[in-house]
Structure formats: structure tokens, C-alpha cells
Amino acid sequence: MAQKIVVTMADDIDGSEAVDTVSFGIDGSTYEIDLNERNAAELRSTLYPFMESGRRLKAARGRRNSASVSRPESAAEIREWAKRRGIPVNGRGRLAANVIDRYRSER
13 MAQKIVVTMA DDIDGSEAVD TVSFGIDGST YEIDLNERNA AELRSTLYPF MESGRRLKAA
73 RGRRNSASVS RPESAAEIRE WAKRRGIPVN GRGRLAANVI DRYRSER
């Protein structure tokens, strides 16, 4: 018998089904949050006036290691990878560092 595993992302604000992972930064820290369409639009519209008045920073020049050059993985990718391997992960919120490290080491 075939099995089909379906992984869905949960909105980190209200728990509904998320459709987008949004990255943003403030005070030198970068954040990532999974959101449904409404919450993603609300976040973007709230930040838009500040983005319009601010300056977009270019990537810092200098020596980079291969990890910073590669495409950053999304929380959804890591959750799906972990579930396929039987590693317990929550459907929302921050991923454990050891899960992320293991994901990166097996890539």
C-alpha cells in the first residue's frame, strides 16, 4: 500500500495554514516567519512606510564562507526533511539548532 505524507506550514501568528515564509530584519537581527496571505500582507503593509523612507543595504563585501553564499533554506524545507527522517519537529515556531545543523550536514 502506498503512503502519502502531506506537510503543511502553520501561520506563526494564528495557527491557520501558512502560504508564505517572510524574512525581515531589525536592529541587526534577521527573522523569518511563516504567514497566511492576510498576515503576510498586513506585515508588508505595516513595514512599507518605513521601507520607503529607509535605505536598502547591499550585501557586505569581503570574505565569505560557502555557507553564507549558498541559498538559505526555509523552515518548511527543514521541517519536511526532518519528518521524512522521523525526526520530531513542531509544525510552527523556531526549529531546534541540532535539527538545522543535522539538515545542513546531510545536504
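Residue numbers are given in my numbering: position 1 of the sequence shown equals residue 13, and the series is strictly consecutive. Glycine residues also receive a C-beta, built at the ideal position from the N, C-alpha and C atoms. Please read these numbers as outputs of a predicted model, since none were measured by experiment.
S28 carries a coil assignment under DSSP once its states are collapsed to helix, strand and coil.
When the Cα atoms are used, D32 and M13 turn out to be separated by approximately 33 Å. Residue environment for R119: exposed (fewer than 16 other C-beta atoms within 10 angstroms of its C-beta). Counting C-beta pairs closer than 8 Å gives fewer than three between the region 86-93 and the region 53-71, which falls short of the contact rule. Under the DSSP definition of a beta bridge, E44 partners with S35.
For K70, there is no enclosing alpha helix (DSSP H), as DSSP marks it with neither H nor E. Setting aside the 5 residues that flank it on each side, V101 is surrounded in the same chain by R91, A94, K95, L107 and V111, each with a C-beta closer than 7 Å to its C-beta; the list follows chain order.
Restricting attention to F62, E64 and S28, the CA atom closest to the CA of L47 is found in S28.
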